[in-house]
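Chemist:
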Amino acid sequence: MQKQFVTPDPQDLVNALGVEPEITGETQMTLTLLDITNEDLTFSYNLIGQSVSVRWNTESGDPKLKLFRQGATLLRIQEGDGVTALVVEFATQDTMGVLELQIFPNVSVMETSLLT
7 MQKQFVTPDP QDLVNALGVE PEITGETQMT LTLLDITNED LTFSYNLIGQ SVSVRWNTES
67 GDPKLKLFRQ GATLLRIQEG DGVTALVVEF ATQDTMGVLE LQIFPNVSVM ETSLLT
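Under this note's numbering, the first residue of the sequence shown carries the number 7, and numbering increases by one thereafter.
(1) Whether or not the region 54-74 and the region 14-29 are in contact is what I'm after, with contact meaning three or more pairs of Cβ atoms, one per stretch, closer than 8 Å; do they touch?
(2) When the distance is taken between beta carbons, is L47 closer than 9 Å to V113?
(3) Restricting to runs no shorter than 3 residues, where is the beta strand (DSSP E) found entirely within the region 52-97?
(4) Tell me whether V20 sits in a helix, a strand or coil according to DSSP, three-state version.
(5) Could you pull the start and end residues of the beta strand (DSSP E) that T101 belongs to?
(6) Helix, strand or coil for D41? Go by DSSP, reduced to three states.
(7) What is the DSSP secondary structure of Q5, counted as helix, strand or coil?
(8) Looking at K11: is its Cβ nearer than 9 Å to the Cβ of L120?
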C-alpha cells in the first residue's frame, strides 16, 4: 500500500528557514539555501514521486553530496535548542529510515536506513 507524502505548508518553511520553496517541476518544490547557509545547498521534494533530493556543492561547484531517496512519507521541520532541520521519514517495502538535513547553526546531513 502506497502511503501519501505529507509535507509542511510552504509558509511554514518560510517561517522556519526564511526561504520560500520554488516550483521546479510539475510536482517538485526546491529550497535554495545558499543565502541563509552560505553553502551551495539545495533541497528538493516531489509530492507525486514521493522523493527528496539533496545537493551540496563546494564553493567551486564540485559535488560534496548528491543524495536522492524515494519512498518519502513525511517531511517535517524540527526546531529546538538553536537547531533547525528538515527531517524526512521514508518507508519502502523493504526499508524504513530517516534523513535529517540540519540547516542551522551548521549544515550537516545524517541518514539512517533499516531493513523492515
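Heads up, the beta-carbon is just placed ideally off N, CA and C, and yes, glycines get one too.
Being a predicted model, the structure only gives us computed values, none of them experimental.
Modeler: Let me spell this out:
(1) Contact fails between the region 14-29 and the region 54-74, because fewer than three Cβ pairs, one in each stretch, are under 8 Å apart.
(2) yes
(3) 57-63, 69-76, 78-86 and 89-97
(4) helix
(5) T101 to F110
(6) DSSP places D41 within a helical segment (H, G or I) once states are collapsed to three.
(7) Residue coverage of the chain in this structure runs from 7 to 122, which leaves residue 5 outside it and unanswerable.
(8) Correcting the residue type first, residue 11 is Phe in the shown sequence and not Lys. No. Outside cutoff.
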